[in-house]
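Participant: This note's numbering puts the first residue of the sequence shown at 517, with every later residue one more than the last. I am attaching a structure below and will ask some questions about it afterwards.
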Amino acid sequence: MMMVMVIDVNKQGGKSAELATTPSSPDKSTVEENTIVGMEDDFNTIHDRLISQTDKLTVIPIFGMGGIGKTTLARKLYDDSSMRSRFDKHAWVTISQEYNERQMLLKIVSSITRSNQEMSNDQLMETVYRGLKVVLIFRLIASRNLFIEKLFKKNPCPPLLKETGKHIVKQCRGLPLSVVVVAGLLGKMDPTHENWKKVEENLNSFLGTVSERCQSILSFSYSYLPQYLRSCFLYVGGFPEDMEINVSKLIRLWIAEQFVKARSNKRLEVVAVGYLEELIDRSLILAGEQRANGRMRTCKIHDLLRQLCLIEAHTENAVHFMNENVPMSLEVIYDQRRVIVASKLQHPRFYPTRHISDITSITHTFITTVDNHFKRQTSSIVSQFKLLKVLDVLSVGKDFCCVIPQLVHLRYVAAKIGKALSLAKLRNLETIILVSIEPTSLTHPLDIWTMTEIRHLDIRWPLYICNPLLVENHMTLYISDPLELEQPLFLNSLQTLHLHNSSFVSEIIRRTPNLKKLKILDTSGYPYWHDILYSLILLEELETLHIELDFIHAELETFDVMIFSGDNFPPNLKKLTLSLTRLPWDVMNLLANLPNLEVLKAKTAFNGTDWKLDEDVVFHKLNLDVW
517 MMMVMVIDVN KQGGKSAELA TTPSSPDKST VEENTIVGME DDFNTIHDRL
567 ISQTDKLTVI PIFGMGGIGK TTLARKLYDD SSMRSRFDKH AWVTISQEYN
617 ERQMLLKIVS SITRSNQEMS NDQLMETVYR GLKVVLIFRL IASRNLFIEK
667 LFKKNPCPPL LKETGKHIVK QCRGLPLSVV VVAGLLGKMD PTHENWKKVE
717 ENLNSFLGTV SERCQSILSF SYSYLPQYLR SCFLYVGGFP EDMEINVSKL
767 IRLWIAEQFV KARSNKRLEV VAVGYLEELI DRSLILAGEQ RANGRMRTCK
817 IHDLLRQLCL IEAHTENAVH FMNENVPMSL EVIYDQRRVI VASKLQHPRF
867 YPTRHISDIT SITHTFITTV DNHFKRQTSS IVSQFKLLKV LDVLSVGKDF
917 CCVIPQLVHL RYVAAKIGKA LSLAKLRNLE TIILVSIEPT SLTHPLDIWT
967 MTEIRHLDIR WPLYICNPLL VENHMTLYIS DPLELEQPLF LNSLQTLHLH
1017 NSSFVSEIIR RTPNLKKLKI LDTSGYPYWH DILYSLILLE ELETLHIELD
1067 FIHAELETFD VMIFSGDNFP PNLKKLTLSL TRLPWDVMNL LANLPNLEVL
1117 KAKTAFNGTD WKLDEDVVFH KLNLDVW
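Below, the structure is given as structure tokens:
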């Protein structure tokens, strides 16, 4: 006889033992067909383990943070028709935080054997556990294993710390979030009995319900954060709930806020990634989606930790999160160092207590991640932020071209504009993301080439960067001493560049020698690709290249300009994206010569459907992605 038992351990909501056993499925009305979307692999893995041939006891823990669908997954397995036909007996058991072991075992035996006969505890244990395959939803029982794995990976807990570790885990009350956060905290300490004992004593002092204790544990972990991580952590709370946060954007914002401090010869972006990884190690931030090369594309934050961010940010006056339910005067907004709008305000209640021009603002940051109904007010409100360093209003469908030039302290700007604007006074700008609000061509003003602090430049279609040669010619008209222009204009700090193709893109490339990422979009079929491709070899630091053609109005023969040679690409290139280039498949043999290429994305990139790869052609590090 084969039996399966599902145990749901440590359900919140009751202190007495509530135990439900049944030979049939849980109520199917509560189980929706699509509730395990994204967990199909987990379902198949557990299913295969359950039907494997063995007479031994098998325990399969399903663990993770609250609310991710552990019980739903177990019920899906329990209801599966192939499982029903495979096992003679079934039992579903729900156990609260406190339970009577004998009563639990008696009810399990009763469910399986249909017998209520009295048995000794040893007999009960033998009857229940002999030959069972148990799916155990992780709450309390696997906490210790999770704790040890988080701290010591595959190594055992040192004997000196084992007993204290048990007490620490017990204080977490079986909540995975509490367990991993405490483990993350201990992982940053010296593994001494004194340090662990101090943490245990603090945990023992926390009172209240399980959820209240969890919040206390999270606050306790935050109190141990070094100062350089606190601001970074609180900042993440400004993003909408459950949002997958783009890591590249987050890092640029941290740098613009000057949270990231230089370390030896490392780039600030590298240091910032280290900050993020440290927060992930502490389980305060969760890793999200991965890129094809394994690097993080997104990160996210648990709801309870985001709530902690909101509380601590308010207490420390670090970030002000605008809430539609709280009426406020404009003076209140202007007294905040950082203002973030992370939710849609359907009926915002702003009221000025005096004329807006009379208000002096100390606000350094204004970010809105959603378009709001107060966008008509946004420009006038932002125009008073004279000390603003970070402005991200890209989600607002409003023209900011008249506001941006006034904000001379800006380090980061992401906005829509309706006409070309002058950035001559904005010498501190590091990140520029500009999108045309109207489908008309706009040319950037000449002063872009004098902005030496720029690190990231994203000029979306139909905006253009001006020709640097014209800038130099223009400057000679106003400089009496020609020696002042002895050195040509270069943007040596620029690392990321997104731009539209033009006749002078190759000249732009020559003047941005330290680029890490380059994206070129061509919608017109400019006959300059030979020069552009030839200039790429100058970018020795380039790691990511994206070339996208979209010849809607061009003749088909314009695709012939995409001529590649083996010497076109810089040797450090790790990621290459080709879209609508329609190249001959022979080019693939040339791409194989790139020693560090890890990711190749190709969308209608090659003509024909047959790819004949020469036997001696080998992609050493490539992950091929065709979409």
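A virtual CB, placed ideally from N, CA and C, is assigned to each residue, including glycine.
Would you grab the beta carbon distance between residue 1026 and residue 1051 for me? Rounded to a whole angstrom, and I think it's under 8 Å.
Facilitator: With 8 Å as the limit, residue 1026 and residue 1051 qualify as a contact, their Cβ atoms being about 6 Å apart.
Participant: So, for residue 1012: in the same chain, excluding its five sequence neighbours on each side, which residues have a beta-carbon less than 6 Å away from its beta-carbon?
Facilitator: Answer for residue 1012: 972, 1033, listed in chain order.
Participant: Going by CA-CA distance only, name the one from 723, 916, 662 that's closest to residue 893.
Facilitator: Comparing Cα positions, the closest option is 916.
Participant: Below 8 Å on the Cβ atoms is my contact criterion, and I expect residue 796 with residue 753 to pass it. Report the Cβ-Cβ distance as a whole number of Å.
Facilitator: Residue 796 to residue 753, Cβ: 16 Å. No contact.
Participant: Looking at the strands, I want to know which residues DSSP matches up with residue 921.
Facilitator: BP columns for residue 921 are empty, so no partner.
Participant: Does residue 563 come out as helix, strand or coil in the three-state DSSP assignment?
Facilitator: In this structure, residue 563 counts as helix in the three-state DSSP scheme.
Participant: According to the Cβ coordinates, are residue 1116 and residue 1107 closer than 8 Å?
Facilitator: Yes, the pair counts as a contact, with Cβ atoms nearer than the cut-off.
Participant: Alpha carbon to alpha carbon, how far is residue 1048 from residue 930?
Facilitator: Distance between the alpha carbons of residue 1048 and residue 930 is about 27 Å.
Participant: Can you tell which of 755, 792, 1122 has the C-alpha that lies nearest to the C-alpha of residue 771?
Facilitator: Minimum Cα distance to residue 771 is reached at 792.
Participant: Between the Cα of residue 939 and those of 952, 919, 1062, 953, spot the shortest distance and give me the residue it belongs to.
Facilitator: Among 952, 919, 1062, 953, the Cα nearest to that of residue 939 is on 919.
Participant: Using the C-alpha atoms, what's the distance from residue 594 back to residue 600?
Facilitator: Spanning the two alpha carbons is a distance of roughly 8 Å.
Participant: Quick one: grab the DSSP three-state call for residue 1062.
Facilitator: It is a strand residue.
Participant: What are the boundary residues of the alpha helix (DSSP H) that residue 595 is part of?
Facilitator: From DSSP, the alpha helix (DSSP H) with residue 595 extends over 586-595.
Participant: Around the Cβ of residue 908, are there at least 16 other Cβ atoms within 10 angstroms (buried) or fewer (exposed)?
Facilitator: Counting Cβ neighbours within 10 Å, residue 908 comes out buried, since at least 16 surround it.
Participant: Please state if the CB of residue 820 and the CB of residue 688 are separated by a distance shorter than 8 Å.
Facilitator: Their beta carbons are not under 8 Å apart, which means residue 688 does not touch residue 820 by this criterion.
Participant: Rounded to a whole number of angstroms, what is the C-alpha to C-alpha distance between residue 663 and residue 732?
Facilitator: For residue 663 and residue 732, the distance between alpha carbons rounds to 18 Å.
Participant: Could you name the residues that DSSP lists as bridge partners for residue 856?
Facilitator: 837, 883, per the DSSP bridge assignment.
Participant: Can you give me the Cβ contacts of residue 705 inside the same chain, cut-off strictly under 6 Å, excluding the 5 residues immediately before and after it?
Facilitator: Same-chain partners within the cutoff: 711.
Participant: So residue 980 packs on residue 1016, CB below 8 Å; how close in whole Å?
Facilitator: The pair is a contact, with the Cβ atoms about 6 Å apart (cut-off 8 Å).
Participant: Would you check if the distance between the CB atom of residue 914 and the CB atom of residue 881 is smaller than 8 Å?
Facilitator: Their beta carbons are not under 8 Å apart, which means residue 914 does not touch residue 881 by this criterion.
Participant: For residue 826, I'd like the list of residues in its chain whose CB is within less than 7 Å of its CB, leaving aside the five on either flank, ordered along the chain.
Facilitator: Answer for residue 826: 753, 837, listed in chain order.
Participant: Which two residues bound the contiguous beta strand (DSSP E) that contains residue 974?
Facilitator: Unbroken beta strand (DSSP E) run through residue 974: 972-975.
Participant: Which ranges would you report for the alpha helix (DSSP H) in the segment 713-763 if only whole runs of at least 4 residues count?
Facilitator: Whole alpha helix (DSSP H) segments, 4+ residues: 726-739, 743-752.
Participant: State the CB to CB distance for the pair residue 1098 and residue 1125, rounded to an integer number of angstroms; the pair is presumed to be in contact (CB under 8 Å).
Facilitator: Not really, about 13 Å apart at Cβ, beyond 8 Å.
Participant: Would you call the CB atoms of residue 1091 and residue 809 closer than 8 Å?
Facilitator: Their beta carbons are under 8 Å apart, which means residue 1091 touches residue 809 by this criterion.
Participant: Could you say which of 941, 854, 850, 935 lies nearest to residue 896 if we only look at CA atoms?
Facilitator: Residue 850 is the option with its Cα nearest to residue 896.
Participant: Return the Cβ separation of residue 1063 and residue 1094 in integer angstroms, given the expectation that the two are a contact with Cβ distance under 8 Å.
Facilitator: Rounded, the Cβ-Cβ distance is 6 Å, consistent with contact.
Participant: For residue 803, which residues does DSSP report across the bridge?
Facilitator: BP columns for residue 803 point to 815.
Participant: Excluding the five sequence neighbours on either side, which residues of its own chain have a C-beta within less than 7 Å of the C-beta of residue 803, listed in chain order?
Facilitator: Once the five neighbours on either side are set aside, the close Cβ partners of residue 803 are 796, 812, 815.
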